[in-house]
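Take a look at the structure below.
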Amino acid sequence: MNNPFKDVSSERYSSRYTRRYLSMLVNDGQAETDKYFEQYYTSKNYQQRLEAIKYLISATDKYSFPESIFTDALQDFCSQVKVYVLQNYDFQKANDPALEFFLADVAKNDEKIQVRALALDKLSQLNTAAHHDLFFSTSLLKSSKESASGLRGLFQVDKDKAYQMAKFRAVTSTGNLDLAIAEIFLAQGNVEDVHFFKTRLKGRIKFNKIVLIRIYLKMLGKLEIETLIKSHVIYICGDISQTGNTELVQRLIMELYHFVSEQRSFLAQHDDLRRFVNKTIDLLLEKDYPKIQKTDTFGPVQKI
Numbered sequence: 004m005n006n007p008f009k010d011v012s013s014e015r016y017s018s019r020y021t022r023r024y025l026s027m028l029v030n031d032g033q034a035e036t037d038k039y040f041e042q043y044y045t046s047k048n049y050q051q052r053l054e055a056i057k058y059l060i061s062a063t064d065k066y067s068f069p070e071s072i073f074t075d076a077l078q079d080f081c082s083q084v085k086v087y088v089l090q091n092y093d094f095q096k097a098n099d100p101a102l103e104f105f106l107a108d109v110a111k112n113d114e115k116i117q118v119r120a121l122a123l124d125k126l127s128q129l130n131t132a133a134h135h136d137l138f139f140s141t142s143l144l145k146s147s148k149e150s151a152s153g154l155r156g157l158f159q160v161d162k163d164k165a166y167q168m169a170k171f172r173a174v175t176s177t178g179n180l181d182l183a184i185a186e187i188f189l190a191q192g193n194v195e196d197v198h199f200f201k202t203r204l205k206g207r208i209k210f211n212k213i214v215l216i217r218i219y220l221k222m223l224g225k226l227e228i229e230t231l232i233k234s235h236v237i238y239i240c241g242d243i244s245q246t247g248n249t250e251l252v253q254r255l256i257m258e259l260y261h262f263v264s265e266q267r268s269f270l271a272q273h274d275d276l277r278r279f280v281n282k283t284i285d286l287l288l289e290k291d292y293p294k295i296q297k298t299d300t301f302g303p304v305q306k307i
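For our numbering, count along the sequence shown from 1 and bump the result up by 3.
Right, dumping it as structure tokens:
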């Protein structure tokens, strides 16, 4: 005769075992978290501190530990520790207000441009007007990377002022600042700002051109002026073709293809423009580009 309580008993044991096993995992994870938390404060070796920070960032929202460790990490003597925190920690989820204070301090006073720029990027994500003056003043700095971060931050809190600043900096901008200005012109600009893209494209080298072209084409798509799009697409293709770099041409073809996809509804109403862009892609695919001959380390192959 079957025992009706056998399956119930077995199921209850299984459930209890699962709960104990899960509890053990949680406890082990908490113990591991505590170990790395202590390791950060006791180790004089920056690699061990970096290892601890990496683990603790991955353990955020899973196990409990004081958020203040990230405040201390922002003041670490090793810039690698600071950079890792700035690149990987989600400051938007932080509850400790001191973190924002120290983030702003790093953005103002750290000795390394890369660290200051990363801190500015994180501050801009917090979208708080309290840092308006910091973003404004930083956007005027000489460093392209730092001023770009400042300008992007300013755009988050004051779009009109950021556009005004972008127009001002566009006269002499280079590098990363070019891209920040291009992004703001895309968001706030008009047909008068298209000339900026044209002049900056010529000055950029290799794959830095493609990053700008991506924004350039989006700007043209936003304006929806057929003659303007045609003339600038011709200019872009000419600039890239002159490089003789086949891989750059391939990237350009991809960007033009994305342009066609994104502007599908507009191009459907402008059949001549649609045919023009598609024909341009075909011509780029068919054109022969000079191949760079690589020197064979072992010399030419000898025929036997």
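Quick reminder that beta carbons are idealized off the backbone N, C-alpha and C, glycines included.
Measure the C-alpha to C-alpha separation of F279 and I232 and round it to an integer number of angstroms. Each residue's CA atom was taken as its position, placing F279 and I232 some 10 Å apart.
Among D161, L143, A55, which one has its Cα closest to the Cα of K38? Measuring from the Cα of K38, the nearest candidate turns out to be A55.
L281 to D75, Cα distance in whole Å? The sequence as given places Asn at residue 281; Leu does not occur at that position. When only Cα atoms are considered, N281 and D75 end up about 55 Å apart.
Mind checking whether S82 and K111 have CB atoms under 7 Å apart? Taking 7 Å as the cut-off, the Cβ atoms of S82 and K111 do not count as close.
Excluding five sequence neighbours on each side, which residues of the same chain lie with their C-beta closer than 6 Å to the C-beta of A183? Excluding residues within five positions, the ones whose Cβ falls inside 6 Å are A151, L154, R155.
Label T298 either buried or exposed according to how many other C-beta atoms from any shown protein chain fall within 10 Å of its C-beta, with 16 as the threshold for buried. Its pLDDT being 39, under 50, T298 is placed unreliably by the model, and the measurement read from it follows with that caveat. Exposed: under 16 other Cβ atoms inside 10 Å.
Do F138 and L157 have their CB atoms nearer than 7 Å? Their beta carbons are under 7 Å apart, which means F138 touches L157 by this criterion.
Using only CA atoms, which one of G224, L226, F200 lies nearest to L215? L215 has its Cα closest to that of F200, out of G224, L226, F200.
Can you list, in chain order, the residues of its chain with a C-beta nearer than 7 Å to that of K221? Leave out the 5 residues immediately preceding and following it. Answer for K221: L189, listed in chain order.
Which same chain residues end up closer than 8 Å to S26 when comparing Cβ atoms and leaving out the 5 residues on each side of it in sequence? Because S26 carries a pLDDT of 49, less than 50, the predicted location of this residue cannot be relied on, and the following value inherits that uncertainty. So the list is empty, once near-sequence residues are dropped.
Let me make sure I understand the geometry here. Which of K212, Y219, H261 has the alpha-carbon closest to that of E186? The shortest Cα separation from E186 among K212, Y219, H261 belongs to Y219.
First through last residue of the alpha helix (DSSP H) which encompasses A107: A107 -> alpha helix (DSSP H) spans 100–112.
Check whether the Cβ atoms of L106 and L126 lie closer than 7 Å to each other. Between L106 and L126, the CB-CB gap stays under 7 Å.
Spatially closest choice to S234 from E35, H198, R217, R119, by CA coordinates: Comparing Cα positions, the closest option is H198.
Taking only beta-carbon atoms, is R119 less than 7 Å away from chain D? Here chain D cannot be found, since the structure has a single protein chain.
Extent of the continuous alpha helix (DSSP H) to which G206 belongs: Its alpha helix (DSSP H) spans residues 197–206.
Count the other C-beta atoms from every protein chain shown that fall within 10 angstroms of the C-beta of R119, then say buried if there are 16 or more, exposed otherwise. Burial call: buried.
Could you check whether E258 and R217 sit closer than 7 Å to each other, using their CB atoms as the reference points? Cβ atoms of R217 and E258: closer than 7 Å.
So what does DSSP say about I116, is it helix, strand or coil? DSSP places I116 in helix when its eight states are reduced to three.
Helix, strand or coil for V174? Go by DSSP, reduced to three states. In the three-state reduction of the DSSP assignment, V174 falls in the coil class.
Cβ separation of V84 and Y49, assumed to be a contact under 8 Å, to the nearest whole Å: Going by Cβ atoms, the distance from V84 to Y49 rounds to 6 Å, so yes, they are a contact pair.
Compare the Cα-Cα distances from P100 to each of A271, Q42, A133 and report the closest residue. Nearest to P100 by C-alpha distance, out of A271, Q42, A133, is A133.
Using 10 angstroms around the beta-carbon of Y24, count the other beta-carbons present and answer buried if the total reaches 16, otherwise exposed. Below a pLDDT of 50, predicted positions are generally treated as unreliable, and Y24, at 44, falls in that range; no measurement from the model is reported.
Which first and last residues belong to the alpha helix (DSSP H) in which F80 is found? F80: not part of any alpha helix (DSSP H); DSSP gives it neither H nor E.
Check the C-beta distance from E229 over to H273 and give it rounded, since I have them as a contact under 8 Å. Confirmed, about 6 Å.
How many whole angstroms separate the CB atoms of I72 and Y92, which I take to be in contact at a CB cut-off of 8 Å? The Cβ separation is near 10 Å, so there is no contact.
Using the Cα positions of K145 and R52, report the straight-line distance between them to the nearest angstrom. Near 33 Å, if we compare the C-alpha coordinates of R52 and K145.
Select from Q128, K164, D108 the residue whose C-alpha is nearest the C-alpha of E143. Sequence inspection shows Leu at residue 143; the Glu mentioned does not correspond to that position. The shortest Cα separation from L143 among Q128, K164, D108 belongs to K164.
Can you tell me whether Y66 is helix, strand or coil according to DSSP? In the three-state scheme derived from DSSP, where H, G and I count as helix and E and B as strand, Y66 is classed as coil.
Over what stretch of residues does the alpha helix (DSSP H) that includes T230 continue unbroken? Judged by DSSP secondary structure, T230 falls within the alpha helix (DSSP H) whose first and last residues are 229–244.
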